[in-house]
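Peer 1:
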Amino acid sequence: ELLAPELESDAELAFEGALRPASLSEFVGQVKVRGQLQLLLTAATMQGRTPDHILFAGPPGLGKTTLAMIVAQEGNRPLRMASGPAIQHAGDLAAVLSSLVPGEVLFIDEIHRMARSAEEMLYLAMEDFRIDIMVGKGAGATSVPLELAPFTLVGATTRAGLLPNPLRDRFGFTARLEFYADDELEQVLTRAASLLGLDIDREALAEIAGRCRGTPRIANRLLRRVRDYALVYSDRSGPSGAGTADIHSVRAALELYDVDALGLDRLDRAVMQIILTRFNGGPVGLNTLAVSVGEESETIEAVVEPFLVRIGLLTRTPRGRVATPDAWQHFGMHPASAGTL
Ligand code: ADP
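Our numbering runs 84 ahead of the 1-based position in the sequence shown.
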């Protein structure tokens with residue numbers, strides 16, 4: 085899925101690794117969060133202590149993992165990567181925590197998916213750098229306290245609402261990442277294009293920026309397809325031999341992959357077109373809509389609709405989903421008047 089914000093493969097992970105900004109000053113956008121982070125990290129360095137625990141919340145692909153790496157890099161600290169779903173028992177977490185070295189940054193991605201028992205262990209670890217380990221079973225079981233090295237926990241979550249309050253409260257700083265503006269995405273793309281050795285002009289970059297749903301991960305992924313296109317179809321006379329791309333090659337490449345001018349994919353378009361043509365713009369109920377496009381209603385509600393609402397093509401009303409005037413315009417259609425229905 086070219087437009088899915090989640091990471092799609094190991095190959096993409098490697099590709100992203102090559103494009104990841106390594107310092108706060110290279111990190112584009114999120115100006116407020118960057119300022120807050122900078123202050124927090126500098127203060128910790130001045131006092132010679134580990135920085136407070138940090139939580140990054142926001143949709144996939146906006147830079148949570150990247151920022152976690154930067155937190156470690158800026159403070160010259162080692163980084164340990166872990167993920168919530170892999171922590172199924174308190175013991176899994178105890179093993180990680182007890183092996184941390186002083187000052188280490190522990191990154192837990194998808195922290196809302198950690199086992200409940202591990203979550204509870206984490207409370208004490210975050211607060212007192214200490215855990216209690218149960219030794220033995222039944223009546224003879226005793227809990228043995230274990231001192232931990234001071235560390236900084238960096239958590240990432242796409243669902244901050246699912247974190248229990250006691251966990252959320254133990255983070256000294258919570259940053260909510262926002263979708264990126266077009267000019268910020270252009271900066272992300274400019275940087276990535278130069279790392280890829282792709283010769284591409286501003287107009288072409290702006291065209292990609294407008295189609296990547298406010299998400300740097302998608303921006304980089306679309307750029308990669310454009311790079312392929314340039315490699316195969318342009319004359320490769322550019323400085324690096326990686327090809328040159330202009331607005332025409334961007335349009336052609338993205339049309340090939342069904343990414344339209346607003347960054348809608350095939351399913352987004354199917355949903356909108358059914359509302360416009362079959363239901364004359366709505367309102368139409370979620371279930372009826374789902375059956376009409378042959379998708380699960382959960383997929384429509386959680387994956388398709390949020391973006392359509394965000395870019396102003398769709399509104400949710402108590403009576404159902406309604407297409408906006410912008411939607412009619414984007415699809416080049418007009419509502420049928422009552423008489424012609
Ligand atoms: P998340 O952890 O939120 O899913 P990542 O940190 O893995 O997102 O970022 C996905 C990709 O987007 C990475 O390749 C990263 O280089 C790029 N990226 C994200 N945010 C930025 C940014 N602000 N500036 C430059 N590149 C970014």
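For every residue, glycine included, the Cβ atom is placed at its ideal position computed from N, Cα and C. Here the structure is a predicted model, which means the values were calculated and not measured.
Take the Cβ of P89 as the centre, count every other Cβ of all protein chains shown within 10 Å, and call the residue buried at 16 or more, exposed below.
Peer 2: By the neighbour-count rule (16 or more Cβ atoms within 10 Å), P89 is buried.
Peer 1: Thinking C-beta only, is T299 closer than 8 Å to L398?
Peer 2: No. Outside cutoff.
Peer 1: Is the distance from the Cβ of T149 to the Cβ of A288 below 8 Å?
Peer 2: Against a cut-off of 8 Å, the Cβ pair of A288 and T149 comes out as no contact.
Peer 1: Following a CB-centred definition, is T149 positioned closer than 7 Å to any heavy atom of the ligand ADP?
Peer 2: Flag set: Cβ of T149 near the ligand ADP.
Peer 1: Keeping to the same chain, check which residues put their C-beta closer than 8 Å to that of S93; ignore five residues upstream and five downstream.
Peer 2: Contacts found: none.
Peer 1: CB V310 to CB I331, shorter than 8 Å?
Peer 2: Against a cut-off of 8 Å, the Cβ pair of I331 and V310 comes out as no contact.
Peer 1: Can you say whether R301 is buried or exposed, counting buried as having 16 or more other CB atoms within 10 angstroms of its CB?
Peer 2: Looking at its Cβ environment, which holds 16 or more other Cβ atoms inside 10 Å, R301 is buried.
Peer 1: Which residues does DSSP pair with S167 in a beta bridge?
Peer 2: For S167, which the question treats as bridged, DSSP gives the partners D193.
Peer 1: Could you tell me the distance, in whole angstroms, from the CA atom of G175 to the CA atom of A141?
Peer 2: One C-alpha to the other measures close to 26 Å.
Peer 1: Could you spell out where the alpha helix (DSSP H) holding L121 opens and where it closes?
Peer 2: Start and end: V115 to Q131.
Peer 1: Considering only C-alpha positions, which residue in the set R305, P229 and L208 is nearest to L86?
Peer 2: L86 has its Cα closest to that of R305, out of R305, P229 and L208.
Peer 1: Could you tell me which residues DSSP puts in a beta bridge with V334?
Peer 2: Paired residue(s): none; V334 is not in a bridge.
Peer 1: Should M210 be labelled buried (16 or more other beta-carbon atoms within 10 Å of its own) or exposed?
Peer 2: With 16 or more Cβ atoms within 10 Å of its Cβ, M210 is classed as buried.
Peer 1: Where does S183 land, buried or exposed, given buried means 16+ other C-beta within 10 angstroms?
Peer 2: When all chains shown are included, S183 counts as exposed.
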